[in-house]
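Q: I am attaching a structure below and will ask some questions about it afterwards.
Numbering (our numbering), first residue to last: 4 to 206.
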């Protein structure tokens, strides 16, 4: 009886390929970042035809959003932040954000999404929908106020802007400050966005 040979190289069909593609993409996006990862790289390392990756996911951003894993669970975090003394909620949130952003592996998904959103209008819409669904909505639900969506969006804008300024652009006044100082200063703004009075006329 002829000995059965083992095939190597690209996978022959769709069975199991999505799992292989997503596992490989998650690994490459984490190791290389969004810009340096290509669909071809994902396909080659997953052992599938590049056309299959495009067939399943379309563009690189679609694949990225399919596999991105947030470094925190927003609903859980906002619950912890709002526990205890309400007057220090902003400081607790700022401290936690800095802990996450200081970890390169944990901050990569957020930085990757921000960079992708600035690349093209279509990408911006996809990222906006992702952030609204997975971050802003849970924060707003935790706040429970009439203007919770607006407050949650303000918090998100502050965090994104700070992350870009310190960890992407590398503004020296921010890079050189201690996390304790930054948490104290960011906490003031986040406290206002979360729980304090906003400007008159704000809906």
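We put the CB at the ideal spot given by N, CA and C, even for glycine.
Nothing here was measured: the structure is a model prediction, and the numbers come from that model.
1. Quick check on the burial criterion: 16 or more other C-beta atoms within 10 angstroms. Buried or exposed for residue 112?
2. Please classify residue 36: does DSSP put it in a helix, a strand, or coil?
3. If you draw a straight line from the alpha carbon of residue 106 to that of residue 182, how long is it in whole angstroms?
4. Sorted by chain position, which residues of the same chain lie with C-beta nearer than 6 Å to residue 74's C-beta, five sequence neighbours on each side aside?
5. Going by DSSP, what residue range makes up the alpha helix (DSSP H) through residue 70?
6. Rounded to whole angstroms, what's the CA-CA distance from residue 204 to residue 153? Just pull it up for me.
7. I'd like the span of the alpha helix (DSSP H) that includes residue 154, first residue to last.
8. Smallest Cα separation from residue 80: which of 37, 88, 92, 69?
9. Using the C-alpha atoms, what's the distance from residue 138 back to residue 72?
10. Should residue 39 be labelled buried (16 or more other beta-carbon atoms within 10 Å of its own) or exposed?
11. Which residues in the same chain have their Cβ closer than 7 Å to the Cβ of residue 14, if we skip the five residues on either side of it in sequence?
12. Residue 48 to residue 41, Cα distance in whole Å?
13. What residue range is occupied by the uninterrupted alpha helix (DSSP H) comprising residue 128?
14. Please determine if the region 182-194 and the region 94-103 are in contact, where contact requires at least 3 C-beta pairs separated by less than 8 Å.
15. Which residues mark the beginning and the end of the alpha helix (DSSP H) in which residue 80 is found?
16. Check whether the region 120-133 and the region 145-159 touch, using three or more Cβ-Cβ pairs below 8 Å as the test.
17. Just reading off the alpha helix (DSSP H) that residue 57 is part of, what are its end residues?
A: This is what the structure holds:
1. As a first step, residue 112 must be located in the chain shown, where it is residue number 109. Buried.
2. In the chain shown, the residue the question calls residue 36 occupies position 33. DSSP places residue 36 in coil when its eight states are reduced to three.
3. As a working mapping, residue 106 is identified with position 103 in the chain shown. As a working mapping, residue 182 is identified with position 179 in the chain shown. Computed Cα separation, rounded: 13 Å.
4. Stepping through the chain shown from its first residue, residue 74 is reached at position 71. Cβ within range, chain order: 103, 109.
5. The residue given as residue 70 occupies position 67 in the chain shown. It spans 63-70 - the alpha helix (DSSP H) in which residue 70 sits, taken as one unbroken run.
6. Residue mapping note: residue 204 aligns to position 201 of the chain shown, counting from 1. Residue mapping note: residue 153 aligns to position 150 of the chain shown, counting from 1. Cα-Cα distance, rounded: 13 Å.
7. In the chain shown, residue 154 corresponds to position 151, counting from 1. Its alpha helix (DSSP H) spans residues 151-166.
8. The residue labelled residue 80 in the question sits at position 77 within the chain shown. Nearest C-alpha to residue 80: 92.
9. The residue given as residue 72 occupies position 69 in the chain shown. The residue given as residue 138 occupies position 135 in the chain shown. Distance between the alpha carbons of residue 72 and residue 138: 12 Å.
10. Within the chain shown, the letter at position 36 stands for residue 39. Exposed, because fewer than 16 other Cβ atoms sit within 10 Å of the Cβ of residue 39.
11. Walking along the chain shown from the start, residue 14 turns up at place 11. Any answer about residue 14 is weak, because its pLDDT of 45 lies below 50 and its placement is not dependable; what the coordinates show is given next. Excluding residues within five positions, the ones whose Cβ falls inside 7 Å are 20, 23, 50, 51.
12. Mapped onto the chain shown, residue 48 falls at position 45. Mapped onto the chain shown, residue 41 falls at position 38. Residue 48 and residue 41: Cα-Cα distance of roughly 11 Å.
13. Translated into the one-based positions of the chain shown, residue 128 becomes position 125. Note, residue 128: alpha helix (DSSP H), 124-134.
14. yes
15. Mapped onto the chain shown, residue 80 falls at position 77. Residues 77-85.
16. no
17. For the purposes of this step, residue 57 is taken as the residue at position 54 of the chain shown. Here the alpha helix (DSSP H) through residue 57 covers 53-60.
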